[in-house]
Amino acid sequence: MLQIADKKFSSRLLLGTGKYPSFEAQKKAVAVSEAEILTFAVRRMNIFEASQPNFLEQLDLDRYTLLPNTAGASTAEEAVHIAKLAKASGLCDMVKVEIIGCSRSLLPDPVETLRASEMLLEEGFIVLPYTSDDVVLARKLCELGVHAIMPGAAPIGSGKGILNPLNLSLIIEQSKVPVIVDAGIGSPKDASYAMELGADGVLLNTAVSEAANPVMMAEAMKLAIEAGRLGYKAGRMPVRDYAVASSPLEGLVPN
Amino acid sequence: MEKTIDLNGKSYAVIPEVETVQQLLEHLELGDRILIVEKNKEILQKEHYDAPIMDRDQIEIIHFVGGG
Chain A
10 MLQIADKKFS SRLLLGTGKY PSFEAQKKAV AVSEAEILTF AVRRMNIFEA SQPNFLEQLD
70 LDRYTLLPNT AGASTAEEAV HIAKLAKASG LCDMVKVEII GCSRSLLPDP VETLRASEML
130 LEEGFIVLPY TSDDVVLARK LCELGVHAIM PGAAPIGSGK GILNPLNLSL IIEQSKVPVI
190 VDAGIGSPKD ASYAMELGAD GVLLNTAVSE AANPVMMAEA MKLAIEAGRL GYKAGRMPVR
250 DYAVASSPLE GLVPN
Chain B
46 MEKTIDLNGK SYAVIPEVET VQQLLEHLEL GDRILIVEKN KEILQKEHYD APIMDRDQIE
106 IIHFVGGG
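Protein chains in written order, with our numbering: chain A, 10 to 264; chain B, 46 to 113.
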């Protein structure tokens with residue numbers, strides 16, 4: 010069970026809703042992923058063009074928790090504004106703080122992320138900051154009282170997987186709130202690895218939406234996250250430099 | 046009286062029958078959509094959609110789109 014603030018979830022997969030090839034594929038992918046938390050972006054409506062279908066409006070909103078992001082913000086003030094807009098929909102009180110500090114790498118701005126998190130906590134939001142994998146920054150966010158920490162595995166949409174497992178392990182070890190590895194996951198092995206490191210959840214989007222078969226990949230990610238979590242709880246064997254035989258060395262059959 | 050507002054960044058002539066934000070949304074056939082309204086840079090809570098539309102108001106209609 011994943012608990013964020015007072016909300017409980019049986020799935021540890023948080024799924025993004027961007028860039029799917031079709032609404033049909035997206036609906037099926039969301040369903041088979043069994044994700045309960047879906048991320049969205051907040052944008053100006055294109056009201057001057059013919060009515061365009063909107064994925065959110067096709068969802069059974071009783072079944073999903075919406076996690077709007079503040080993507081597009083480059084300062085804490087902009088992020089707070091976007092979060093307040095999202096909350097005014099009456100559909101959500103959680104927010105993914107996403108403040109990009111570098112347009113090329115899309116890495117988060119640590120200073121603005123920290124400031125925005127503090128401001129949003131004061132406003133009563135459930136705050137989930139997307140951060141770099143900096144251990145000290147993660148600790149400072151925890152000390153502010155955020156409800157989960159979401160360190161990136163690698164740059165957004167890069168699919169490079171977990172670049173710094175040591176930092177993620179240290180963040181997980183010190184954190185008193187759930188750690189959700191967000192961004193950079195490319196394949197099921199990355200998601201499973203995050204969970205084996207002890208992460209409480211994984212947030213991914215492009216790994217599913219840009220897969221050749223997004224529906225199948227959504228299921229693969231669900232299974233990988235479950236496998237990784239079980240593996241973590243089971244406690245893996247030690248890593249050794251030399252072989253240790255699995256078969257008995259006694260009673261060898263004579264030639 | 047003819048009212049001209051700034052609607053999502055474009056100049057928009059409001060017909061006289063449209064007097065409130067709610068009526069504007071219905072006129073735009075957005076009455077049943079999931080959206081958020083900002084009027085003159087202030088976020089409008091749903092219970093305030095009866096706010097009047099005045100000449101030169103700045104209205105933003107915002108919604109959720111796919112994102113990660």
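Think of the CB as a built atom: it goes at the ideal place given N, C-alpha and C, for glycine as much as any other residue.
Contacts of residue i in chain B (Cβ-Cβ under 8 angstroms)
i	result
Pro62 of chain A	What Pro62 of chain A touches in chain B: nothing, since even the nearest Cβ is about 11 angstroms away.
Arg72 of chain A	Going along chain B, no residue has its Cβ under 8 angstroms from Arg72 of chain A, so there is no contact; the nearest lies around 15 angstroms.
Glu66 of chain A	Arg78 and Ile79
Phe57 of chain A	Asn53 and Lys55
Ile165 of chain A	Gly113
Ala80 of chain A	Gly112 and Gly113
Start and end residues, beta strand (DSSP E) containing residue i
i	result
Leu89 of chain B	Glu87 to Leu89
Thr79 of chain A	Per DSSP, Thr79 of chain A belongs to no beta strand (DSSP E) and is neither H nor E.
Tyr57 of chain B	Lys55 to Val59
Met103 of chain A	Met103 to Val106
Leu100 of chain A	Segment: none, Leu100 of chain A is in no beta strand (DSSP E) and carries neither H nor E.
Leu23 of chain A	Leu22 to Leu24
Leu115 of chain A	Element bounds for Leu115 of chain A: n/a, residue is neither H nor E.
Ile135 of chain A	Ile135 to Thr140
Ile13 of chain A	Leu11 to Ile13
Opposing strand residues paired with residue i [DSSP bridges]
i	result
Arg52 of chain A	B:His108
Glu83 of chain B	B:Ile88 and B:Glu105
Tyr29 of chain A	Beta-bridge pairing links Tyr29 of chain A to no other residue.
Thr74 of chain A	A:Ile46
Val211 of chain A	A:Leu22 and A:Val190
Met159 of chain A	A:Tyr139
Lys17 of chain A	A:Gln12
Ile109 of chain A	A:Pro117
Chain A contact residues for residue i, given Cβ-Cβ distances below 9 angstroms
i	result
Arg101 of chain B	In chain order: nothing, as chain A lies at least about 19 angstroms away.
Where the alpha helix (DSSP H) through residue i begins and ends
i	result
Phe32 of chain A	Phe32 to Ser42
Asp199 of chain A	Pro197 to Glu205
Thr215 of chain A	Thr215 to Ser218
Gln68 of chain B	Val66 to His72
Ile181 of chain A	Pro174 to Gln183
Pro119 of chain A	Pro119 to Glu131
Lys48 of chain B	Run containing Lys48 of chain B: none in the alpha helix (DSSP H); it sits in the beta strand (DSSP E), Lys48 to Leu52.
Met226 of chain A	Pro223 to Ala243
Contact set between residue i and chain A, taken where Cβ atoms lie within less than 8 angstroms
i	result
Lys48 of chain B	Near Lys48 of chain B there are no residues of chain A at all, since even the closest Cβ is about 17 angstroms away, more than 8 angstroms.
Within chain A, the residues that residue i reaches when beta carbons sit closer than 7 angstroms
i	result
Lys91 of chain B	Gly99
Glu105 of chain B	Arg53
Lys84 of chain B	Those within 7 angstroms of Lys84 of chain B in chain A number zero; the least Cβ separation is about 12 angstroms.
Leu69 of chain B	Chain A residues near Leu69 of chain B: none, gap ~10 angstroms exceeds 7 angstroms.
Integer Cβ distance of residue i from residue j, believed to fall under 8 angstroms
i	j	result
Val106 of chain A	Tyr139 of chain A	6 angstroms
Leu76 of chain A	Ile46 of chain A	5 angstroms
Pro160 of chain A	Ile180 of chain A	6 angstroms
Gly112 of chain B	Thr48 of chain A	6 angstroms
Ile103 of chain A	Leu137 of chain A	Here the sequence assigns Met to residue 103 of chain A, which means Ile is not the residue at that position. Between Leu137 of chain A and Met103 of chain A the Cβ distance is about 6 angstroms, and since that is below 8 angstroms, they are a contact.
Lys55 of chain B	Met99 of chain B	Not really, about 17 angstroms apart at Cβ, beyond 8 angstroms.
Pro117 of chain A	Ala157 of chain A	About 15 angstroms; that fails the 8 angstroms criterion.
Ile79 of chain B	Leu65 of chain A	6 angstroms
Val66 of chain B	Leu89 of chain B	6 angstroms
Ile189 of chain A	Leu213 of chain A	That pair is no contact at about 10 angstroms.
Residue i: contacting residues in chain B (beta-carbon distance under 7 angstroms)
i	result
Tyr241 of chain A	Correct list: empty, because the minimum Cβ distance to chain B is about 24 angstroms.
Lys93 of chain A	Ile88
Thr140 of chain A	Near Thr140 of chain A there are no residues of chain B at all, since even the closest Cβ is about 15 angstroms away, more than 7 angstroms.
Thr122 of chain A	The premise fails here: Thr122 of chain A is roughly 16 angstroms from chain B at the closest Cβ pair, so nothing lies under 7 angstroms.
Residue i: contacting residues in chain B (beta-carbon distance under 9 angstroms)
i	result
Pro77 of chain A	Phe109 and Gly112
Ala50 of chain A	Phe109, Val110, Gly111, Gly112 and Gly113
Lys37 of chain A	Ordered by position in chain B, no residue passes the 9 angstroms Cβ test against Lys37 of chain A, which lies about 15 angstroms from the chain.
Asn222 of chain A	Neighbours of Asn222 of chain A on chain B: none; closest Cβ ~19 angstroms, over 9 angstroms.
Asn173 of chain A	Residues of chain B passing the Cβ test: none, with the nearest at roughly 20 angstroms.
Thr215 of chain A	Gly113
- Query: Would you say the stretch 242-256 of chain A touches the stretch 190-202 of chain A, given that touching needs at least three Cβ pairs under 8 angstroms?
  - Reply: Under the Cβ criterion (8 angstroms, minimum of three pairs), the stretch 242-256 of chain A does not count as touching the stretch 190-202 of chain A.
- Is the stretch 148-156 of chain A close to the stretch 76-96 of chain A, with three or more CB pairs under 8 angstroms? By the criterion of at least three beta-carbon pairs nearer than 8 angstroms, the stretch 148-156 of chain A is not in contact with the stretch 76-96 of chain A.
- Task: Would you be able to state if there are at least three C-beta pairs under 8 angstroms between the stretch 168-180 of chain A and the stretch 225-232 of chain A?
- Result: Flag = no, the stretch 225-232 of chain A and the stretch 168-180 of chain A do not touch.
- Give a yes or no on contact between the stretch 162-171 of chain A and the stretch 118-137 of chain A, applying the rule of three or more CB pairs nearer than 8 angstroms. Pairwise C-beta distances place the stretch 162-171 of chain A out of contact with the stretch 118-137 of chain A, as fewer than three of them are shorter than 8 angstroms.
- Does the stretch 212-219 of chain A touch the stretch 20-34 of chain A, meaning 3 or more C-beta pairs lie closer than 8 angstroms? Flag = yes, the stretch 20-34 of chain A and the stretch 212-219 of chain A touch.
- Does the stretch 52-67 of chain A come within contact of the stretch 100-113 of chain B, defined as at least 3 CB pairs closer than 8 angstroms? Using a C-beta cut-off of 8 angstroms, the stretch 52-67 of chain A makes contact with the stretch 100-113 of chain B, since at least three inter-stretch Cβ pairs fall below that distance.
- Message: Could you check whether the stretch 202-212 of chain A touches the stretch 230-238 of chain A, counting it as contact only if at least three pairs of C-beta atoms, one from each stretch, sit closer than 8 angstroms?
- Response: Verdict: yes, contact present.
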